[in-house]
């Protein structure tokens, strides 16, 4: 049986799709979105999470296109005057920090200046005329807008509240792109909609990257990830079975190289490259993820000053540095840094919670460093535990304050 939250029957949303309207190809649709957004009276924005990693970005683009072609899923909120547009959850001037996103979209012939970023939407001016579909997350700070849909692949946040009319899909798979790909491949087979092949190909890269190329060591891939990727390889990319392993490996290495290409970024910019921020009970904890080991990050020029500047700009009380390095053989190394900015007791509580967590052991081993300010650093030997597993633990610490 697939592993998913039983409250949210996947078919409850998708089986309502009975008609696929005449549609433009995906690239033409994306080119139109900025103009549609400016002219439309009613809007549905499909938006990924605030890290705007490859999975979030391509999932938002593909799902928006899918909903544009199959608007029945948005009833009763959808009318003929409604436009559906994807929005990248990053401000425009920080989009270049998402190096694997910009690299892959360019590879897919998608022009970055045609896409809409989060600071290009007038959120406050349209609380009643702008609805949201959340992709790759299910809790948002955009609380003034009605949520009409959710597609996510992470554990359900206990504090989440759901609109009963919204479609909801929360299923624990390796990549959010897999969930969207599952539905798009059905229509690709049955209806032959122009553009669905391009959308499926776009999703494919995120599936390969998010599952760490289906690595057994990382243990992220579920059977559905294998099934959707295999379908795309056979029916969209037309790769011979004997060539699939080599093709995946080549693509994975190119995406990891793009994600790890921080040659143009300083230590300050790196902190914003893959960032999650938690705000609860008057406390803020930032969790920047790196495409390198934390111990390598600490060696960058003026690292300590940049962390302090970052904490000031994000108003963080504690900063958790999360490193993941992919080695040439495809194996993974993880490490963690916990830096108390102005709340050492909170940092100590988070450290203790991670060391004592019973449901999942992070297998942390203390690393001694010269970093000042009471920071602690750990090598993480449980390579399967990612930020998705860490965030609920930090939230529970914040809840207890």
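In UniProt numbering, the protein residues as written are 1 to 401.
Just so it is clear, CB atoms sit at the ideal spot from N, CA and C, and this is done for glycine as well.
Asked, Found
"Residue 250 classed as buried or exposed, judged by whether at least 16 other C-beta atoms fall within 10 angstroms", "exposed"
"Through-space distance from residue 90 to residue 136, alpha-carbon basis", "14 Å"
"Endpoints, alpha helix (DSSP H) assigned at residue 313", "303 to 314"
"Closest Cα partner of residue 330 within the set 257, 37, 78", "257"
"Exposure label - residue 213; buried when at least 16 CB within 10 Å", "buried"
"Residue 210 - containing alpha helix (DSSP H), residue span", "196 to 210"
"Bridge partner(s) assigned by DSSP for residue 392", "Paired residues: none, contrary to the question."
"Nearest-angstrom beta carbon gap, residue 104 and residue 199 [assumed within contact, 8 Å]", "Contact flag wrong, Cβ pair sits at about 14 Å."
"8 Å contact criterion, which residue 84 and residue 76 should meet: CB distance rounded", "Incorrect: roughly 15 Å between the Cβ atoms, too far for contact."
"C-alpha distance - residue 219 paired with residue 383, whole-angstrom precision", "9 Å"
"Residue 337: first and last residue of the uninterrupted beta strand (DSSP E) it sits in", "332 to 340"
"Residues bridged to residue 323 [DSSP beta-bridge criterion]", "290, 335"
"Opposing strand residues paired with residue 219 [DSSP bridges]", "According to DSSP, which records beta bridges pairwise, residue 219 is partnered with nothing at all."
"C-alpha gap between residue 336 and residue 367, whole angstroms", "10 Å"
"Cut-off 8 Å between Cβ atoms - residues of its own chain near residue 310, not counting five sequence neighbours on either side", "268, 271, 272, 286, 288, 316, 319"
"Given 8 Å, three or more beta-carbon pairs between the stretch 148 to 166 and the stretch 120 to 138", "yes"
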